[in-house]
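2 protein chains.
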Amino acid sequence: MMRTRPLKVALLGCGVVGSEVARIMTTHADDLAARIGAPVELAGVAVRRTGKAREGNDPALVTTDATALVKRGDIDVVVEVIGGIEPARTLITTAFEHGASVVSANKALLAQDGAALHAAAEAHGKDLYYEAAVAGAIPLIRPLRESLAGDKVNRVLGIVNGTTNFILDKMDSTGAGYQEALDEATALGYAEADPTADVEGFDAAAKAAILAGIAFHTRVRLDDVYREGMTEVTAADFRSAKEMGCTIKLLAICERSKDGTSVTARVHPAMIPLSHPLASVRGAYNAVFVESDAAGQLMFYGPGAGGSPTASAVLGDLVAVCRNRLSGATGPGESAYADLTVSPMGDVVTRYHISLDVADKPGVLAQVATVFAEHGVSIDTVRQQGKDGEASLVVVTHRASDAALSGTVEALRKLDTVRGVASIMRVEGE
Amino acid sequence: MMRTRPLKVALLGCGVVGSEVARIMTTHADDLAARIGAPVELAGVAVRRTGKAREGNDPALVTTDATALVKRGDIDVVVEVIGGIEPARTLITTAFEHGASVVSANKALLAQDGAALHAAAEAHGKDLYYEAAVAGAIPLIRPLRESLAGDKVNRVLGIVNGTTNFILDKMDSTGAGYQEALDEATALGYAEADPTADVEGFDAAAKAAILAGIAFHTRVRLDDVYREGMTEVTAADFRSAKEMGCTIKLLAICERSKDGTSVTARVHPAMIPLSHPLASVRGAYNAVFVESDAAGQLMFYGPGAGGSPTASAVLGDLVAVCRNRLSGATGPGESAYADLTVSPMGDVVTRYHISLDVADKPGVLAQVATVFAEHGVSIDTVRQQGKDGEASLVVVTHRASDAALSGTVEALRKLDTVRGVASIMRVEGE
């Protein structure tokens, strides 16, 4: 069974993930060969600067000329773990043009240019695999794309960013504010010096776009994903959540509409009941909940980032792509045949928890309730708390569209008796 | 892209799972065709008696002659959801001989004859897929076999039987005894009239054999799996577990030894800490925890049985097998190259919780402690409770081999001061 000519792998990028990929390819060479049916050989490692990459690798393999490496013509698989849009995008398309298949961990690029990259792969009859782009080591792309290929996915609800889950978990367990929890995350290496991509939800939005595309067999672009960060979540929000038997998580939510003709994708902080499996996802872990017609509710849990976990996902793809090459086949490509409408955030229907600062006088509740009623937003519960002439009103609604809720809030802000809207938080997972 | 000649599917068995497979093949025909790249057509449904199967299916498709159906020669994929060893085994090998690939949900058969069936599939260049055989809709075979193909799995720890989890969860939450909880499970349809296969761990043992084989790339036969049922778990055991901050689950545990050269597989009730993700798996749900070198800890959770969830897994495999046929390739076959030693239960190392009924007089603890020491089993904690001249002694050990523990218990039984060994339970997941 075993072929002796090795499959040649070009590794683009040799940082935290790339160096782990290179290390495991060496230490697990025999296992990889047995599982693929042929040996795999690291044919080159492209880096920006050669200094550090030479440490663990054969110096003769290390190059700063990534383009020349992917153009060599004898490369079977290009593993792209550079990240970012360019030069990764050009290198991947060049790889296809020169006969290689590609394994990528690049969520930003896949979310932005997935359709074009899939088209390039298909045009050249090559594979494009990217399990590592979403939720690190957690098998998610393959289960959605293959295990559930005979089912109809209605909802994907996930914690797909470890940094923000670490911060929110810390706020939940210690009562700390956002800044304090962020500082701890930074000190421990869970947050980058510039945490914008994580805390503003850009990273999660890229993953939501990828997941929605695969789950619904429909192209979902990054611009289609509604995005709200978690920098404004306060310790008071966590106290409110606790009163409701909830906690707060930054969620990526991809949903099919009830009539099945449209989908939505969004990222924002939300309250979820403590009884929901996602509520107990601690620290920097990720977890994704999938709901489908036949399978029901599934959950996938694990480390969402880190060199080794991401390398595990990359190598799983590498084995699959190598096996495909040996058998002359390709794996499932982009599946966008369903071509459903991607609806805007206004169409999203969910429940809301709204905190209002109001004047502490008779008739305020009636006024507020009237505004909700006028916008067709039905109230589930109201709680009033008065102190020193000021009062707060906490309203939890039944399910309503985001558009109706926005209209309600706008009208509430115009009421003389409403001093301010302290917070608006969606309630999910019920 | 779309081929017009349909792929022909023969369905063997039309019970709870089979009828769902047939239903979804009809209602989701367009989606399946788009995902496969060709339409799939139900070419025949083999049943034992034609009466009921005719209800949902075209009567012309229904036959009681399964052998003739798989021998037709124009069948692309045989879906076997009959269960049991025969006639399923002969029908599957006949299918390979007549050019079909096979999707099966048959855990008993795969656990017993997996190697022979894989060999038959390979000899004929056909696929044998069986995601539905373990943990219903939960993607598990594919993640272990493909997503983690570049990683080294060290441990699989799972709740793979919904009936027993329902019973144990009921005992935990209500304080009920085994029989009372079983009666409720039977009344609600979670347990069969004869619950032996579930409560004695036979079902879980078959799944453990399959999981261990895939996780460790080594043949693990059903006989290699140590099996202990959960019929002797008592309400008192749950009280003891609670005192330790634990609950009790029937676990399937597949482990690689520390030196990497051998593996073990076993099924038995065990205490696990409430903080372990498996502790919160409720009702008839299944969940499997996987630990690997690079990915770290992953968990897969979902409905482990039922017509629709199992059908979801079957159809995911059907799509994959059909795609493979169209591209002239086959998916990953059996991977048993590692050929590790499968060690007996005596070699398993874990912790133990032992309840002894002892005479309430001085020196008993010293006697008991001496027996543990003589057998090299180190004690972590001891708790003594005296009442009316009788006393109970609860010993929790450090990690020790099953052989050492068995020797200890045998010696304890011979002590005059030990009236009886009330329970021995392993402690896992720490």
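Those protein sequences? They're chains D and S, same order as listed. The opening residue of the first sequence carries number 1 in the UniProt record's numbering; numbering runs sequentially from there. The opening residue of the second sequence carries number 1 in the UniProt record's numbering; numbering runs sequentially from there. Cβ coordinates follow ideal geometry from the N, Cα and C atoms, glycine included. Just so it is clear, the structure is predicted and the values come from calculations on it, not from any experiment.
Fewer than three beta-carbon pairs drawn from the stretch 75 to 85 of chain S and the stretch 179 to 199 of chain S are found closer than 8 Å, and the two stretches are therefore not classed as touching. Looking at the backbone, the Cα of Tyr190(D) and that of Gly18(D) are separated by about 19 Å. Residue pairing of Phe202(S) in beta bridges, as defined by DSSP: absent, with no partner found.
Residue contact with chain D for Ser327(S): present (Cβ-Cβ distance below 8 Å to some residue of chain D). Between Tyr301(S) and chain D, the shortest Cβ-Cβ separation is below 8 Å.
If you check the CB distance, Leu315(S) and Ile138(S) do not come in under 8 Å. Under the DSSP assignment, Leu405(D) falls in the alpha helix (DSSP H) whose first and last residues are 402 to 413. Counting C-beta pairs closer than 8 Å gives three or more between the stretch 60 to 80 of chain S and the stretch 26 to 44 of chain S, which meets the contact rule.
Non-local C-beta neighbours of Gly245(S) in its own chain, meaning closer than 8 Å and more than five positions away in sequence, comprise Pro273, Leu274, Ser275, ordered along the chain.
Contact between the stretch 299 to 318 of chain D and the stretch 129 to 145 of chain D is present: three or more C-beta pairs spanning the two stretches fall below 8 Å.
Between Ser257(S) and Ser343(S), the gap from beta carbon to beta carbon is short of 8 Å. Between Glu291(D) and Asn161(D), the C-beta gap is not smaller than 8 Å, which leaves the two residues out of contact. Measuring C-alpha to C-alpha distances from Ala287(D) to each of Phe300(S), Tyr285(S), Ala236(S), Ser280(S) identifies Phe300(S) as the nearest. Our two residues, Asn106(S) and Glu80(S), have alpha carbons roughly 7 Å apart in a direct line.
The Cβ of Ser312(D) sits closer than 8 Å to at least one Cβ of chain S. In chain order, Asp357 place their CB closer than 6 Å to the CB of Gly420(S), counting only its own chain and leaving out the 5 sequence neighbours on each side. Here the alpha carbon of Arg221(D) sits roughly 6 Å from the alpha carbon of Ala209(D). Nearest in C-alpha terms to Tyr178(S), of all of Lys152(S), Glu232(S), Thr163(S), Ala329(S), is Glu232(S). Contact fails between the stretch 363 to 380 of chain D and the stretch 333 to 342 of chain D, because fewer than three Cβ pairs, one in each stretch, are under 8 Å apart.
With a threshold of 8 Å between beta carbons, Pro277(S) makes contact with chain D. If you compare the alpha carbons of Ala29(S), Val62(S), Gly201(S), Pro332(S) with that of Arg49(S), the shortest gap goes to Val62(S). Per the coordinates, the alpha-carbon of Gly306(S) lies some 46 Å from the alpha-carbon of Ala422(D). Under the rule that a run must span 3 or more residues, the beta strand (DSSP E) segments found entirely inside the stretch 76 to 132 of chain D read 77 to 80, 101 to 104. Judged by DSSP in its simplified three-state form, Ile24(S) adopts helix. Chain-ordered listing is empty here: chain S has no CB closer than 7 Å to the CB of Leu251(D), the nearest sitting near 17 Å. At a cut-off of 8 Å between C-beta atoms, Pro269(D) does not count as an interface residue with respect to chain S.
According to the DSSP assignment, Leu69(S) belongs to the alpha helix (DSSP H) that extends over 66 to 70. Of the residues assessed, Pro362(D) falls on the exposed side of the cut-off, its CB having fewer than 16 other CB atoms within 10 angstroms. Only Glu20, Ile24, His28, Asp31, Leu32 from the stretch 14 to 32 of chain D bring a Cβ to less than 8 Å from some Cβ of chain S. For Ala236(S), the closest C-alpha among the options Gly229(S), Arg266(S), Met271(S), Gly213(S) is that of Met271(S). Per DSSP, Asn286(D) is one residue of the beta strand (DSSP E) stretching across 285 to 292. Excluding the 5 residues flanking it on each side, Pro269(D) has same chain C-beta neighbours closer than 6 Å at Met230, Val233, Ile248, Leu250, in chain order. Your pair Thr310(S) and Gly136(S) checks out as a contact, with CB atoms roughly 5 Å apart and the cut at 8 Å. Put simply, the backbone Cα of Glu243(S) is about 37 Å away from that of Ala108(S). In the DSSP assignment, Lys249(S) falls within the beta strand (DSSP E) that extends over 246 to 256.
Burial check for Ala391(D): the Cβ neighbour count within 10 Å reaches 16 or more, so the residue is buried.
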